[in-house]
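Chains as they are written, first to last, in my numbering: chain A, 747 to 1074; chain B, 68 to 394.
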C-alpha cells in the first residue's frame, strides 16, 4: 500500500498534469497559443520582424517585473517603479549628452536605483510605514520632481556609443533580449537556491516563522527593495537606449504594466509564492496581446482594459485556488 | 471582585490623542494661512478662498467615503479611474446613445456605484485584499475609459449643466454646497450612527467585530459602493467645471484623496479617524497647492510637496501612536 502512494516514476500522470498546470507552463502555452491564433487570422503577425520588435520593445518591462516580483513575494508592493524608471532614464540620457564616459552613464541609473529604492525599503521596514503609502508618496515626488526639473523636454543628440540596446551578443542576440533572459535565469536560480533568496519567500509566507528561524525581516525587506532598484536601473537603461531620443517624463501607467506582469506571472499577492520565470513569460504575453490587438483590427486603446481583466482574473483565481488548497 | 475596573488609560488615551492631532493640525493650518497670506496679498481674499473651495470639491467628495474605508483598515486606489470612467460615460451616453443629459448624469452615477460595488463584492466575497483589488480595477476602469473614448473628447454641453461647476448659489460656489451637505451627512453618520461605530470596530479588530455579530461584509460593501458613487458625483462636477470629458480625467486623484485623509489624522492602519480631520486635511492640501501656485511654483512641483506631506504625516502619526501604545 505504502509503496503505491509514492510517485514511482517521472511518467506519473498526476505529476505531468501538475507540471502542465503550473502558472509558468500555462503562460508558455498562452504565449504560443496566442501567436498561432493571431497568426491564423493575420499571418503578418508572425513575421520575424514583428515578433522580435515585440520582444525588443518590452524586454525592459520583464526586467522591471523581476524586481517587482521579489517585492510582492516579500509581502510588499511598489507603485513608484514607473516613475523611477522615467527618472533614471532621464538621468542616464542627461549624463550621456553632457559627455560623461559611457560606462558612467550606464552605471549611474543602477546606483541611483539601488539608493532610491533602498531608502524606501528602510522607511518601510524600519519605520514601519506601509509600502503603499511610501511608494505612493515617492511616485508623486519622482514624477513631479522630474517634470519640474526638465520641463518634459526631449533629450536628443545622444552619442552613438550610448545605445546599449543596439549591441548584439553571441552572434546575433540583441542586448535587451539577452539581458532579459540572463536576469530572469540568474534571479530565478538565486531566489530558489540561495539563503537570502529563500529568505524572501520565508518573510512573505510567514513573517513570524521567518523571525523564529533567525531571518531578519527588516533586513530582507531592505535587500529586496535595493535589488528591485537595481532591476529598475537596468530596465531604465534598456528603455533609455532603445530609441534615439528620451522624453524626460514618466511613462504613463508603467507601474501598472509591471505589476500586472508580476501578478499574472503567478506571484501570489498574499506573498510567499511565485517565480520570476512566470513574470517574464507574463511580460511577454502582455506585450504580445498589445501587438495582437493591432493585427486583429482592434484599437490599441483597449490594451489597459485587457491588462485590468487579466490581473483581476489571475488574482481571483489565485485566491480561490489557495482557499481550495487549505480546504477553507 | 464583582467589579472589573475599566482600563483608565485606554479610555482617556483615544480622545486625548484625537484632540491633540486635530489641534495640532488646526494650528499648522493657521500658521500656513498667515505665512501664505503675508507672502501674497491675493491669497487671503474671500474670492480666492471660495475659488479654492470650488477646486477642492472634486477631491473632497471622494475623501469622505475614503475616510470610512481607511478607518476600516482598507484602501481604494481605483477612485481616480472611476472618475475617468464616469466622465467618459457621461459624455458618451449623452452624445452617442442620445440620452437626455439628466439621464446621462444618473447613468454615470450608477456606473460609479456599480464600479465601487464590484470592488466591494470581490473584497468581501473572494477576500482579495483591498489594495490589490483596487490596483487591478485602477487599471481596468481606466482601461475601459480609454477603450470607450478612443481618445476622443466630448464637448458642447447645454448651458444649464455648467451651473453645477461654474456658477454661484447664494454667493457660494454651487458645488461647494454639495460638498458641505456631504460633509455634514458623513460626519453625523460616522459619529452618531451604528453604521459609523461599526467602521471603527472593523478597523480595530475585524474578527472581534464579526464575532460581535456586526454586519462586517455588508458594511464594507456599502462603503466601497459609496466610494464609487461619490467618485461618479465628483466626475459630474469635474466635467461641468472644465466643460469637456477626456479619458485621463481624475488620474492621480487617489494621491490627493489619501493624502488629505491621512493628513487629517485617520490612521492608515485603521481604527482611528474623523470626518472633521479629513476636512482640515483637505483644506490644508488645497491651500498648500494654492499658496505654492501663488508664489510661482508650478503645478508639477506641488505634487512633490503633497507626496512628501503624505509620507511625513504618516510617519508622525505612527510614531505618536506608538508612543501612545507605549511600544
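Quick reminder that beta carbons are idealized off the backbone N, C-alpha and C, glycines included.
On a predicted model such as this, the values are computed, not experimentally measured, just so you know.
Fewer than three beta-carbon pairs drawn from the segment 860-876 of chain A and the segment 1029-1037 of chain A are found closer than 8 Å, and the two stretches are therefore not classed as touching.
Non-local beta-carbon contacts of residue 933 of chain A in its own chain, meaning distances under 6 Å to residues more than five positions away in sequence, involve 812 and 1022 in chain order. For residue 312 of chain B, the beta-bridge partners assigned by DSSP are B:221. Look at the segment 973-1047 of chain A and you find no whole run of beta strand (DSSP E) that is 3 residues long or longer. With its beta carbon less than 8 Å from one in chain A, residue 209 of chain B belongs to the interface. Burial check for residue 791 of chain A: the Cβ neighbour count within 10 Å reaches 16 or more, so the residue is buried. For residue 872 of chain A, the uninterrupted alpha helix (DSSP H) segment begins and ends at 848-872. Rounded to whole angstroms, the separation of the alpha carbons of residue 889 of chain A and residue 980 of chain A is 19 Å. Each residue's CA atom was taken as its position, placing residue 771 of chain A and residue 1027 of chain A some 9 Å apart. In the structure shown, residue 876 of chain A adopts coil according to DSSP, grouped into three states.
Under the 8 Å Cβ criterion, the segment 177-188 of chain B counts as touching the segment 140-150 of chain B, having at least three qualifying pairs.
Residue contact check for residue 889 of chain A against chain B: a CB pair falls below 8 Å. Rounded to the nearest whole angstrom, the C-alpha separation of residue 259 of chain B and residue 265 of chain B is 11 Å. When the alpha-carbon of residue 1016 of chain A is set against those of B:200, B:376, B:192 and B:165, the nearest one is in B:200. With contacts defined as CB atoms closer than 8 Å, residue 127 of chain B and residue 246 of chain B qualify as a contacting pair.
Residue 174 of chain B: member of the alpha helix (DSSP H) spanning 168-188, first to last residue. In terms of beta-carbon proximity, residue 894 of chain A lines the interface with chain B, with at least one pair separated by less than 8 Å.
Per DSSP, residue 912 of chain A is not a residue of any alpha helix (DSSP H), being assigned neither H nor E. Under DSSP, residue 240 of chain B shares a beta bridge with B:235.
In the structure shown, the three-state DSSP call for residue 967 of chain A is helix. Rounded to the nearest angstrom, the Cβ distance from residue 362 of chain B to residue 887 of chain A is 19 Å, too far for a contact under 8 Å. Linking residue 172 of chain B to residue 208 of chain B through their CA atoms gives a straight-line distance of about 18 Å. Using a Cβ distance threshold of 8 Å, residue 139 of chain B and residue 250 of chain B do not count as a contacting pair. DSSP lists A:992 as the beta-bridge partner residues of residue 901 of chain A. For residue 920 of chain A, DSSP records a beta bridge to A:914. Here residue 213 of chain B is buried, its C-beta having at least 16 other C-beta atoms within 10 Å.
Nearest to residue 217 of chain B by alpha-carbon distance, out of A:900, A:856, A:1051 and A:909, is A:1051. Assigned with DSSP and collapsed to three states, residue 344 of chain B falls in helix. Taking 8 Å as the cut-off, the beta carbon of residue 220 of chain B is found no closer than this to the beta carbon of residue 310 of chain B. With a threshold of 16 other beta carbon atoms within 10 Å, residue 822 of chain A meets it and is buried.
Relative to the Cα of residue 187 of chain B, the nearest Cα in the group B:293, B:368, B:347 and B:388 belongs to B:293. Excluding sequence positions up to five before and after residue 1003 of chain A, its CB lies within less than 7 Å of the CB of 807, 1032 and 1053, all in the same chain and listed in chain order.
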